[in-house]
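**Q** Below is a structure I'd like to ask you about.
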Amino acid sequence: MKHIKTLNTKKLSNTVKKGGCGECQTSCQSACKTSCTVGNQSCENNNK
Amino acid sequence: MIHQYKNNGYNIVLDVNSGAVHVVDDVTYDVIKYVDDNLSDKFSGLSDKIIIDDFRKEYPEHESIGSNDLEEIIDEIEELIESRELFTEDLYEKPIEDYKNRPTVVKALCLHIAHDCNLACKYCFAEEGEYKGKRELMSYEVGKKALDFLVANSGSRKNLEVDFFGGEPLMNFQVVKDLVKYGRSIEEKNNKHFRFTLTTNGVLLNDEIMEFANENMDNVVLSIDGRKEIHDMMRPFPSGDGSYDLIVSKFIKFANSRNQEKYYVRGTFTHNNLDFSKDVLHLADLGFKQISVEPVVAKESDEYALREEDLPKLYEEYDSLAKEMVRRHGTDKEFNFFHFMIDLEGGPCVYKRLSGCGSGTEYLAVTPTGDLYPCHQFVGDTHFLMGNVDTGIKNTELQGEFKSCNVYAKKECRNCFARFYCSGGCAANAYNFKGSILENYEVGCKLQKKRIENAIMIKAATSE
């Protein structure tokens, strides 16, 4: 595309199909303890 | 739903529900805005000519742009709509409801190993470790029961997280060591893996503890606020003396001994240092590569609390920090800032993003006497007492309230572009400011949105 550059290729909607396995880190255990940040966390679903 | 903004020379269009991030030129930015504002069915049934004529009326500044260019832009937009990367709908409410209704398992504990502290930080929500109670240390027996409780209630989850927290956990270091040993001893037979983390102010940190932590802790969080004068102002000893000089060299050594990975230096900024980007850069210039400096959570009456009128200055600070991080990208001065980290490719699934932080359900805090609370920020408020490590969860009604807390249960979140990145925000902040975990703490939300915009801009800038 000439006018639009898309940064990511993964669509969130595709992650619905695999279900939530819950193996990923709990939000508050990372650093914050006073806020909630999930956008930076890694998926740990081994079956993805 | 889309979210558009301009930052540091980049025109960014976030398609909220697909998570797609588009960087566009000036005219395309306005065409997308025009479509969003005016065409409820987007392009259906309208010729390019009608759209272009109307667009030119609404945006006369683009009058000189040729029809061919505008047709090209419209084609590109249509292509993205077709591939479900622009103007997508939110189809996740039902799946999230089902997900939240699944049987609850516990996968993380915040162990309050010491309700005592050797510092007297002015903003401490733990009140120098006392948490509205008395100074006390967790015994090995209570800690052991907590780990057993976690294993017994974790269902099929393999990875279990345990944070040694306080107060100051190194005031009870022998119990930390003993609990790590115990945890390891029960991993294999239960098919579990513990990820231990330690949060410390550094006062008691020594070589032996660093070595132990490097062998056993998946992550360590090292509390330091930034510049010496800022740190010493808010993080003094009970005598009033500052703690910066005692801890800073130990933290540098500790971070290096972990190869600058799997740790955070973690600071708090307040109304007293609204220029907090200087504190972040101070830490970066000391050589730290993993940095988190976060807004204080305080009562409105506290003199150091952040206020609505501080927001413009704080936005400037986040912008300036983000620009500096772009400048440092790819150099040996590059560093990570926790609140600007965003994973556009391998990030978490929709369930993780929308189902809330897990407090009161999969994440619990354990006091020195073994009482269970929804998270560390609720400890000491007996309204939130959920049970203890002997009896398990007794207050199932409260657990149900936390279980139902997700972005769709919060009216402010439903139309917010940030909901896929903050998961509805911190329940404790919402409760402390608004009296309900289903409300929103506005200042926190506004700062969160700003951080997300900056994080995406950094991705745009560093992808070139």
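Protein sequence lines correspond, in order, to chains A and B.
First residue of the first sequence? That's 0 in numbering that gives the first Met the number 0, and the numbers climb one at a time after it.
First residue of the second sequence? That's 0 in numbering that gives the first Met the number 0, and the numbers climb one at a time after it.
Don't be surprised by glycine CBs; every beta carbon is placed ideally from N, CA and C.
Could you confirm whether any beta carbon from chain A is found closer than 8 angstroms to the beta carbon of H375 (chain B)?
**A** yes
**Q** List, in chain order, every chain A residue whose beta-carbon is nearer than 7 angstroms to that of T27 (chain B).
**A** H2 and I3
**Q** Let me check you understand the geometry: is the CB of P168 (chain B) closer than 7 angstroms to at least one non-hydrogen atom of the ligand NAD?
**A** The ligand NAD is not part of this structure, which contains no ligands at all.
**Q** Using the beta-carbon of each residue, which ones in chain A are nearer than 9 angstroms to A459 (chain B)?
**A** K4 and L6
**Q** Can you list, in chain order, the stretches of the alpha helix (DSSP H) that have 4 or more residues and sit fully within the segment 238-294 of chain B?
**A** 243-256 and 276-284
**Q** Per DSSP, what are the beta-bridge partners of D370 (chain B) in this structure?
**A** B:N387
**Q** Taking 8 angstroms as the threshold (beta carbon to beta carbon), is N272 (chain B) in contact with chain A?
**A** no
**Q** Pull the bridge partners of E135 (chain B) from the DSSP assignment, please.
**A** B:H114
**Q** Would you give the residue range spanned by the alpha helix (DSSP H) that N6 (chain B) belongs to?
**A** From DSSP, N6 (chain B) is part of no alpha helix (DSSP H) but of the beta strand (DSSP E) over I1 to N6.
**Q** Residues in the same chain with beta-carbon distance under 6 angstroms from T103 (chain B), minus the five sequence neighbours each way, listed in chain order, please.
**A** T360
**Q** Suppose the cutoff is 6 angstroms on Cβ atoms and the five residues either side in sequence are ignored; what does the same chain contact list for E411 (chain B) look like?
**A** The residues are N439.
**Q** Could you give the C-beta distance for V161 (chain B) and L110 (chain B), rounded to a whole number, given that I count them as a contact under 8 angstroms?
**A** V161 (chain B) to L110 (chain B), Cβ: 6 angstroms. Contact.
**Q** Among B:S256, B:K131 and B:I223, which one has its Cα closest to the Cα of Y243 (chain B)?
**A** Residue B:I223 holds the alpha-carbon nearest to the alpha-carbon of Y243 (chain B) among B:S256, B:K131 and B:I223.
**Q** Let me check understanding here. Comparing Cα to Cα, which of B:D342, B:F172 and B:N428 lies closest to M209 (chain B)?
**A** B:F172
**Q** According to DSSP, is K448 (chain B) helix, strand or coil?
**A** helix
**Q** Return the residue from the list A:V15, A:T25 and A:K1 that minimises the CA-CA distance to S41 (chain A).
**A** A:T25
**Q** Quick one: grab the DSSP three-state call for F236 (chain B).
**A** coil
**Q** Can you name, in chain order, every residue of its own chain whose Cβ lies under 8 angstroms from the Cβ of A460 (chain B), other than the five neighbours on each side?
**A** N7, Y9, V325 and H328
**Q** As a quick exercise: from B:F164, B:G424 and B:G18, pick the residue whose alpha carbon is nearest that of K8 (chain A).
**A** Residue identity check: residue 8 (chain A) is Thr in the sequence provided, not Lys. When only C-alpha atoms are compared, the closest one is B:G18.
**Q** CB-CB under 7 angstroms to I251 (chain B), same chain, minus the five flanking residues each way: which ones, in chain order?
**A** L285 and G286
**Q** Can you tell me whether DSSP reads E463 (chain B) as helix, strand or coil?
**A** coil
**Q** For M170 (chain B), which option in B:C120, B:V179, B:I112 and B:K180 has the closest C-alpha, if you only look at C-alpha atoms?
**A** B:I112
**Q** Ignore the nearest five residues each way along the sequence and tell me which others in K99 (chain B)'s own chain have a CB closer than 7 angstroms to its CB.
**A** S354, K402, S403 and N405
**Q** Quick check on the burial criterion: 16 or more other C-beta atoms within 10 angstroms. Buried or exposed for R352 (chain B)?
**A** A buried status is given to R352 (chain B), since no fewer than 16 other beta-carbon atoms sit within 10 Å of its beta-carbon.
**Q** Got a sec: is the Cβ-Cβ distance from C404 (chain B) to anything in chain A below 8 angstroms?
**A** no
**Q** In the structure shown, what three-state DSSP assignment does K4 (chain A) receive?
**A** strand
**Q** With a cut-off of 8 angstroms on the beta carbons, I'd call Q3 (chain B) and I31 (chain B) a contact; round off their distance for me.
**A** 7 angstroms
**Q** Could you tell me whether the Cβ of D309 (chain B) comes closer than 8 angstroms to any Cβ of chain A?
**A** no
**Q** Would you say the segment 307-317 of chain B touches the segment 0-20 of chain A, given that touching needs at least three Cβ pairs under 8 angstroms?
**A** Contact between the segment 307-317 of chain B and the segment 0-20 of chain A is absent: fewer than three C-beta pairs spanning the two stretches fall below 8 angstroms.
**Q** Rounded C-beta distance between V388 (chain B) and V365 (chain B)? I'm assuming under 8 angstroms.
**A** 6 angstroms
**Q** Is there at least one Cβ from chain A nearer than 8 angstroms to I341 (chain B)'s Cβ?
**A** For I341 (chain B), the answer is yes, since a Cβ of chain A falls inside 8 angstroms of its Cβ.
**Q** In angstroms with no decimal places, state the Cα-to-Cα distance between E396 (chain B) and S153 (chain B).
**A** 20 angstroms
**Q** Go ahead and pull the three-state DSSP assignment for N439 (chain B).
**A** coil
**Q** Check each candidate in B:V279, B:F236 and B:V219 and name the one with the smallest Cα separation from N258 (chain B).
**A** B:V219
**Q** Looking at chain A, is there any beta carbon in it that lies within less than 8 angstroms of the beta carbon of I185 (chain B)?
**A** no
**Q** Specify the secondary structure class of E92 (chain B) as computed by DSSP and reduced to three states.
**A** helix
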